[in-house]
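Residue numbers (this note's numbering): 10 to 167.
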Amino acid sequence: IFYADDAASAGKLENIRKWWASLQKDGPIYGYHPKPSKTWLIVKSEFHDAALKLFPDINVTAEGHRYLGSYIGSEEGKSIFVKKEVDEWIKDITGLSEIASSEPQLAYAGFVYGASKRWNFLARTTPGVSELLSRLEYHIKDVFIPVILGKLHVSEQL
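Right, here's the structure in full:
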């Protein structure tokens with residue numbers, strides 16, 4: 010699978026090794042130059058050692074890794090990844106809230122057309138993250154929306 014300059018494969022390790030060798034050999038013909046140092050192989054823990062032997066030049070993990078704005082890997086790794094993302098998004102909402110006190114329309118546009126797109130993508134592409142996004146939801150509800158509306162508190166019925 011290719012998305013822009015990101016390639017992905019799945020299957021048995023031996024088949025992925027053949028694919029990787031082919032990609033390194035034929036990719037440059039088509040302007041694609043795979044970089045082992047930027048490449049991640051995500052495997053189940055029972056295949057980790059075998060993967061390290063077959064792929065000594067690339068990063069191998071059994072925890073998981075970010076991929077195209079989402080996360081592929083273990084539940085624990087996903088939780089850590091989403092928590093870090095939510096921490097950053099809360100900072101963004103705090104910044105938009107500061108802007109909203111004097112420019113509510115600008116802050117709203119930044120929220121709708123910018124910031125919200127990132128977590129919407131994550132929510133659509135990463136299963137089981139709704140509970141992990143609850144801190145962000147509360148921050149939007151308790152901090153951002155009241156500032157946009159020029160109120161100290163907003164009723165649950167809005």
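Backbone N, C-alpha and C fix where the C-beta goes; we use that ideal spot for every residue, glycine too.
Where does residue i land, buried or exposed, given buried means 16+ other C-beta within 10 angstroms?
i      : result
Glu23  : exposed
His42  : exposed
Ser106 : buried
Leu145 : buried
Leu50  : buried
Glu94  : buried
Ala118 : exposed
Ala124 : buried
Kindly list the residues whose CB is nearer than 8 Å to the CB of residue i, restricted to its own chain and excluding five residues on each side of it in sequence; keep chain order.
i     : result
Ser79 : Phe130, Leu131, Thr134 and Thr135
Leu61 : Val69
Ser54 : Ala71
Going by alpha carbons, who is nearest to residue i out of the options?
i      : options                          : result
Phe120 : Ser110, Gly137 and Ile102        : Ile102
Val152 : Lys62, Glu140, Lys100 and Val138 : Lys100
Gly137 : Ser31, Thr48, Ile81 and Tyr147   : Ile81
Val52  : Tyr39, Gly20 and Leu77           : Gly20
Leu77  : Glu97, Gln114, Thr48 and Glu112  : Thr48
Lys160 : Pro113, Leu63 and Ser143         : Pro113
Trp128 : Ile154, Ser111, Phe90 and Gly104 : Phe90
Leu63  : Ser143, Trp29 and Lys126         : Trp29
Ser143 : Lys27, Asp15 and Trp98           : Trp98
Once the 5 residues before and after residue i are set aside, which same chain residues still bring their CB inside 6 Å of it?
i      : result
Ala109 : Ala116, Val156 and Ile157
Gln33  : Pro43
Gly86  : Glu72 and Gly73
Tyr39  : none
Arg75  : none
Could you check how far apart the C-beta atoms of residue i and residue j are, in whole angstroms? I think they sit under 8 Å.
i      : j     : result
Leu141 : Ser88 : 6 Å
Pro45  : Ile25 : At roughly 14 Å, the Cβ-Cβ gap does not stay under 8 Å, so Pro45 and Ile25 are not in contact.
Please go through the same chain and pick out, in chain order, the residues whose beta-carbon is closer than 7 Å to the beta-carbon of residue i, but skip the five residues on each side of it.
i      : result
Ile149 : Ile102
His57  : Val69 and Ala71
Continuous beta strand (DSSP E) assignments of at least 3 residues falling wholly in the region 52-119
Taking only runs of at least 3 residues, the beta strand (DSSP E) segments lying wholly in the region 52-119 are 68-70, 73-76 and 79-82.
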